[in-house]
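Asks:
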Amino acid sequence: MSVPAVRLVVHRFRLALALSVVALLAGCAAPAPATGEGPSAGPAITTSTTTTTITVSVDQGRVSPPPRRVELPRGQQVRLTVHSSEPTDIHVHGYDLEGQARPGQPAVFAFTVDRAGRFDVEAHPETLLLQLVVR
Ligand SMILES: [Cu+2]
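Count along the sequence shown from 1, add 547, and you get the number used in our numbering.
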C-alpha cells in the first residue's frame, strides 16, 4: 500500500486516532513526505479498515515524529516500521516483539493488537518511540 504520508485513508475510522494525528501534524515543525519504506521516512500513520501503518525514525536518539500515543481498537492489524541511523534493538512491550533496525534496514513488525492496555515501543536501552493504546 503506498499512501502518501500523513494522509489518512478513512473507511471506518476512530475520532480518537484522528485527533491524535491532528495533534501530531500541529506539533511537527518539518513534516517530511514518506511512504513508510523510504530511507528518511517521517511522520506516517495510515489507517484502513483493518490495518494501521506506523512509521517512526530515530536518528542518534532523536525520534521523528516525537513520541506520541497511537490509539487502536482491539483486533486491529498493525504494521510498524522503525528506521534507525545506527544498529538498534527495537522492542514492542506487552507483545514481546523484538527486532533490530540498522541503517537502511528498518525493523518491521506486523502483528494484531489483541490485548488491551498501553504499551511502550522502545529503541533500547531507553528511547521511547511511541505508545500503543489498545482499547
Ligand atoms: Cu523494551
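Virtual Cβ for every residue (Gly too), placed ideally from N, Cα, C.
Source: prediction; values computed, not measured.
With DSSP as the reference, label Ser-604 as helix, strand or coil.
Replies: strand
Asks: Would you check if there are 3 or more beta carbon pairs closer than 8 Å linking the region 626-633 to the region 646-664?
Replies: yes
Asks: From what residue to what residue does the beta strand (DSSP E) around Glu-618 run?
Replies: 616-619
Asks: Just to confirm, is the Cβ distance from Ala-591 to Thr-598 under 7 Å?
Replies: Contact flag unset, no.
Asks: Could you give the C-beta distance for Glu-619 and Val-680, rounded to a whole number, given that I count them as a contact under 8 Å?
Replies: Correcting the residue identity first, residue 619 is Leu in this sequence and not Glu. Their Cβ separation, rounded to whole angstroms, is 7 Å, which keeps Leu-619 and Val-680 in contact under 8 Å.
Asks: Just grab the DSSP bridge partners of Gly-646 for me.
Replies: Gly-646 is bridged by DSSP to Ile-637.
Asks: Does the Cβ of His-630 lie closer than 6 Å to at least one heavy atom of ligand 1?
Replies: No, since every heavy atom of ligand 1 falls outside the 6 Å radius drawn around the Cβ of His-630.
Asks: Does ligand 1 have a heavy atom nearer than 6 Å to the CB of Glu-673?
Replies: no
Asks: Within this structure, are the beta carbons of Gln-678 and Arg-665 separated by less than 7 Å?
Replies: Result yes, Cβ atoms of Gln-678 and Arg-665 sit closer than 7 Å.
Asks: Per the DSSP calculation, Leu-675 is bridged to which residue(s)?
Replies: Among the bridge pairs identified by DSSP, Leu-675 is matched with Glu-669.
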